[in-house]
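Under my numbering, the letters of the sequence shown match residues 1336 to 1604, in that order. Yeah, the Cβ is synthetic: ideal placement off N, Cα and C, and Gly gets one too. These notes concern the structure reproduced below.
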Amino acid sequence: MLLGTTAASWWVVVGGSTLRMLYRHFVHIGQMPAGTHDLFVALGLAVAGLVFAAEVRRRGRRDERLWYLVAGVLVGGALFGRLGTWLQHLDLRQNATLAEQWAYGNRSILSGLAGAYLGVLVAKRLCGYTARSGDLFAPAIAAGMAVGRIGCLLTELPGTPTGAGWGITVDGVPRHPSFAYEIAFHLLALAVLIRARDRITQPDALFTGYLAAYAAFRFLVEFVRGNEVVAAGLTRPQLFLPACAPLLAWRIVVLLRRHRATRVHEVPA
């Protein structure tokens, strides 16, 4: 039960209208304080779990080993999400120790997704599950990300300065609401995935398409996110994405080959 909040106030100007928003640092559940960001991460995970369970039922995939895959997602995502931001400097002595990174380091959605993907692969190997599972996870990830990013919107600087009418003024400077852009992207992606899931039958095609679309979106939105520029005018996420591009390209090539093979088998003799 939500009983109270402690918060600092923002005067927020959106499209010329001034609103009073709460920059919530903590909410209280009973007598226990909870960080706003962590609360929305937890809510996002809960929503993702519900959407995943609903998609499993809808597709009739009644295999208990799927929950081992979910465990792989959670463990891999947690480990890489926290430790994936460890390498901040080429001089390794300037980086935090792994213990310090785990306790106090930033979390990264991108490295968390990479870890979740690897976690599924490991879980499949351990439990012997061989069926394609990406399309079960795609709508769950989109829904969970849309909810989780609300915590970022409430607790982090929203973006770079902008003269656009929809800029959010939180410190005397109108800024791009970059997290709102991302929430909108994931909600739109969720709608597209739901609409297309019965039309696109190639296994993992929806999941791969969603990942490709998010990678492109995230690369572009980084220009207004306000993250530190580290090399060649690019931020760390923008440098991370091209490093992962070969894996995504490989998935697309595999899908195309499977699609062509399926079409060959369907051609009447």
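Each residue's CA atom was taken as its position, placing T1497 and A1551 some 21 Å apart.
For A1383, the enclosing alpha helix (DSSP H) has its first and last residue at T1371 to R1394. In the DSSP annotation of this structure, V1505 is not part of any alpha helix (DSSP H), being labelled neither H nor E. By the Cβ test, the segment 1450 to 1462 is in contact with the segment 1398 to 1410, since at least three Cβ pairs between them sit closer than 8 Å.
Each of G1463, T1465, Y1464 and G1469 was checked against the Cα of L1448, and the nearest Cα belongs to G1469. For the options F1575, L1445 and C1462, the alpha carbon positioned closest to that of A1413 is the one of L1445. Annotated three-state conformation of L1569 is strand, per DSSP.
The DSSP-derived three-state label of P1538 is coil. Distance between L1409 and A1381, taken at the CA atoms: about 12 Å. Residue pairing of P1496 in beta bridges, as defined by DSSP: R1510. The C-beta of L1385 has fewer than 16 other C-beta atoms within 10 Å across all chains shown, which makes the residue exposed. In this structure, the straight-line span from the alpha carbon of A1451 to that of F1472 is close to 11 Å.
Residue burial annotation: T1543 is buried, with at least 16 other C-beta atoms found within 10 angstroms of its C-beta.
If the five residues before and after P1512 are omitted, its C-beta is found closer than 6 Å to the C-beta atoms of P1493 and I1503, all from its own chain and listed in chain order.
Closest in C-alpha terms to D1373, from the list A1499, F1415, V1391 and V1482, comes V1482.
L1453 and L1583 have their C-alpha atoms roughly 13 Å apart. Judged by DSSP secondary structure, A1449 falls within the alpha helix (DSSP H) whose first and last residues are I1444 to C1462.
For T1490, the enclosing alpha helix (DSSP H) has its first and last residue at G1469 to T1490. If you check the CB distance, Y1545 and A1524 come in under 8 Å. Straight through space, the alpha carbons of F1415 and V1391 are spaced by roughly 26 Å. Of all alpha-carbon atoms in L1591, P1577, A1578 and V1559, the one lying nearest the alpha-carbon of F1514 is that of V1559. Rounded to the nearest angstrom, the Cβ distance from P1474 to L1522 is 11 Å, too far for a contact under 8 Å. Nearest to H1594 by alpha-carbon distance, out of C1487, G1507 and T1536, is T1536.
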